[in-house]
Amino acid sequence: MDISAAREGISRLDALGPRLTGSPAHEALIDDIVARLRELDLPVHTDEHRFTRWDPPSASDIVLEIEAEAGADAGAPARTGPAPARRIPVSAPLHYSGTTPEGGVRGPLRHLGGLLPRWSRARDGIAVLEVDNRSWPMGEVVHVWEGSEPWPRAEHPLLPATLHALGLGAARRAGVRAVVLAWRGIRASGARDQVLPFTLPYQDLPAVFVAGAAADAVVSAARERRRAHLALPAALHPDTPTRTVWSAVEGSERPQETILLVTHTDGPNSVEENGHLALLEIAASLQRTRPRRTVVLVFTTGHLRIPALTEHGQATTRWLADHPRWWKGGHGNRRAVAGLAIEHLGARSMREDGDELSPTGASEPELLYATTPQLAALARRTWQGATDRPVRISRPGALIHFGEGEPLFEELIPAVSLVTAPPYLLSARVEDCVDHELLLRQVASSDRLLRALDALDVAEIGEVDRPGAPAKAVSALRVVAGTLGR
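Counting in the numbering used here, the sequence shown runs from 92 upward without gaps.
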């Protein structure tokens, strides 16, 4: 791959726009991948999945209005006409929250506190929650191998958005009509068009995020018990198809042993997700120089709609469940001896610049996992990505392994995974976020790493040591303490 090919690949993603799971833009990208695999004379396998797709309007078309005067308390004279309203800008709808009927929903705003709010206080009204994008101890969640600098504290809107969205089911059952989540600790430019969260099932309760001055206005209105109007006319498309496509390059010496090469295809911007560019480049390389082992290339769907594919884990969990003969070992099955997950290539560091995000001139810190000591040493020798900082080789903590390398970790398949996670990762509005030179170095490093993996004997790859339930519980407590203690 050269710089012109890198630019062309990213320009194609920019032209398609957000490729949310099962959307026309997502399907168009999958068509591109299939066409390229066929150009390389590789077999194309397709797993079709069907789900109900939630299709919201753009944030600018969502109506959130607050009455300009306080709502009447019990016993106060009834109004004789509609109160004047103030339009509040919405940062984003909560992903797969719900939809409002024609005309929207109306009701009193009710400010609720904490991660376990008393939803009954907002019955027949619109609940308002404050969501603090506070820093959290990333080093407790993502460990590092010896010789790497520990991760500092981090801020990322995915974690607080997910935690607060967990209560929407209880809110619906309590009779809440809608929820407004008011961001704290993130500016409007950073909150705009964030596709959050992406791991929860459809909530059947309309919910939106607001930030900056809009968040202040909503919280103030809720404390004054004003009334509001929310119109979130999202469309539901039952039985929407979406595809995981995959291929394989047969090994020349040990075809019964496989190396799994994984990425996903859905995403809101040109960093999330562009991993297919690396897989297709590596596929071309493998066709020129055959690997010793069989390399399986998986372009999975559903990363942004995980509940449509699996009840646990990341989206690749479904591919593993559907195709054990390519990795599980045992009678009649091939055995995966290693894996490589590639996501979020070329991620630039961005800063909030007024109402926009702009590049800082630096790269975003690479999150490069290795799940055995041997693979950590191999990655340190072969990886040449960011040039403005030392290579940090991360080790999964007990609580979570981020990205599509997680299913490999859960199945004890030794793997290296690139899953850099900038705060804008899930924004559908960020632009100019890919460093093409960095992308090229990461693609070349991935190819080099795959070749080195292929040359190792199984014993040289190492074995995965996955933490048990007690370690997970201790880790969760430390993360909570490290977050709430700030």
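Positions of the beta carbon are idealized from the N, C-alpha and C atoms, including for glycine.
1. Does DSSP put A167 in a helix, a strand or coil?
2. Going by DSSP, what residue range makes up the alpha helix (DSSP H) through V570?
3. With DSSP collapsed to three states, give me the class of T253.
4. Can you list, in chain order, the residues of its chain with a C-beta nearer than 6 Å to that of W236? Leave out the 5 residues immediately preceding and following it.
5. Determine whether the beta carbon atoms of T407 and R384 lie at a separation below 8 Å.
6. Contact defined as beta carbons within less than 8 Å: I believe L509 pairs with E457. What is the distance between those atoms, to the nearest angstrom?
7. For L516, which residues from the same chain have a beta carbon less than 6 Å from its beta carbon, with the 5 sequence-adjacent residues on both sides left out?
8. Quick one: what's got a C-beta closer than 6 Å to R539's C-beta in the same chain, skipping five residues either side?
9. For A374, which option in S114, H117, P134 and P115 has the closest C-alpha, if you only look at C-alpha atoms?
10. Could you have a look at E221 and say whether DSSP puts it in helix, strand or coil?
11. In terms of residues, what are the limits of the beta strand (DSSP E) holding I433?
12. Can you give me the C-alpha to C-alpha distance between G476 and L529, rounded to a whole angstrom?
13. Output the residue ranges of the beta strand (DSSP E) runs that lie fully inside the segment 442 to 469 and measure 3 residues or longer, sorted by chain position.
14. Cutting at 6 Å between CB atoms, please list the residues of its own chain near T582, excluding the five before and the five after it.
15. Within its chain, find whatever has a CB closer than 6 Å to the CB of A489; leave out the 5 residues flanking it on each side and keep chain order.
16. Check E330 in the structure and name its three-state DSSP category.
17. With a CB to CB cut of under 6 Å and the five nearest residues on each side skipped, what residues in its chain are close to P346?
18. Could you check whether T290 and I397 sit closer than 8 Å to each other, using their CB atoms as the reference points?
19. What are the boundary residues of the beta strand (DSSP E) that V196 is part of?
20. If we ignore side chains and look at the alpha-carbon of each, how far apart do R98 and V428 end up?
21. Among L257, V310, R209 and A313, which residue has its Cα nearest to the Cα of D295?
22. So for W227, helix, strand or coil by DSSP?
23. From E497 to G404, what does the alpha carbon distance come to, in whole angstroms?
24. Is any heavy atom of the ligand MG found at a distance shorter than 7 Å from the C-beta of A273?
25. At which residues does the beta strand (DSSP E) containing F289 begin and terminate?
26. Report the partner residues of G358 according to the DSSP bridge assignment.
27. Report the residue ranges of all beta strand (DSSP E) runs contained in full by the segment 301 to 345; include only those spanning at least 3 residues, in chain order.
28. Hey, could you find the ends of the alpha helix (DSSP H) R129 is sitting in?
29. Could you give the residue range of the alpha helix (DSSP H) that holds L541?
30. Between V570 and the rest of its own chain, which residues show a CB-CB distance below 8 Å, the 5 nearest in sequence each way excluded?
31. Mind checking who W274 pairs with in its DSSP beta bridge?
32. In chain order, what residues of the same chain lie with their CB nearer than 6 Å to the CB of A399, ignoring the 5 residues before and after it?
33. Along the chain, where does the alpha helix (DSSP H) containing I580 start, and where does it finish?
34. By the three-class DSSP mapping on this structure, what secondary structure does F500 have?
35. From H255, V196, R416 and A560, pick the residue whose C-alpha is nearest to that of P324; which is it?
36. If you compare alpha carbons, which of A119, L371, N224 and P481 is closest to P333?
Walking through what the data contain:
1. Annotation note: pLDDT 46 at A167 (below 50); position unreliable, coordinate value reported separately. Coil.
2. A560 to L575
3. helix
4. A467, I484 and R486
5. no
6. 7 Å
7. E363
8. T473
9. P134
10. strand
11. R426 to E434
12. 6 Å
13. 447 to 454 and 459 to 461
14. This structure cannot speak to residue 582, because the chain is shown only from 92 to 577.
15. P558, A562, K563 and S566
16. Just to set this straight, residue 330 is Asp in the shown sequence, not Glu. Strand.
17. T385
18. yes
19. V196 to L203
20. 34 Å
21. L257
22. strand
23. 7 Å
24. The ligand MG is not part of this structure, which contains no ligands at all.
25. First-last for F289: undefined, no H or E at that position.
26. R110
27. 317 to 322 and 326 to 340
28. P115 to E130
29. H527 to A546
30. W227, P228, E231, V232 and L490
31. V222
32. F142 and G393
33. Here the chain covers residues 92 to 577 and nothing more, so residue 580 does not appear.
34. helix
35. V196
36. Pro is not the amino acid found at residue 333; the sequence shown has Thr there. Checked all of A119, L371, N224 and P481; the closest Cα to T333 is A119.
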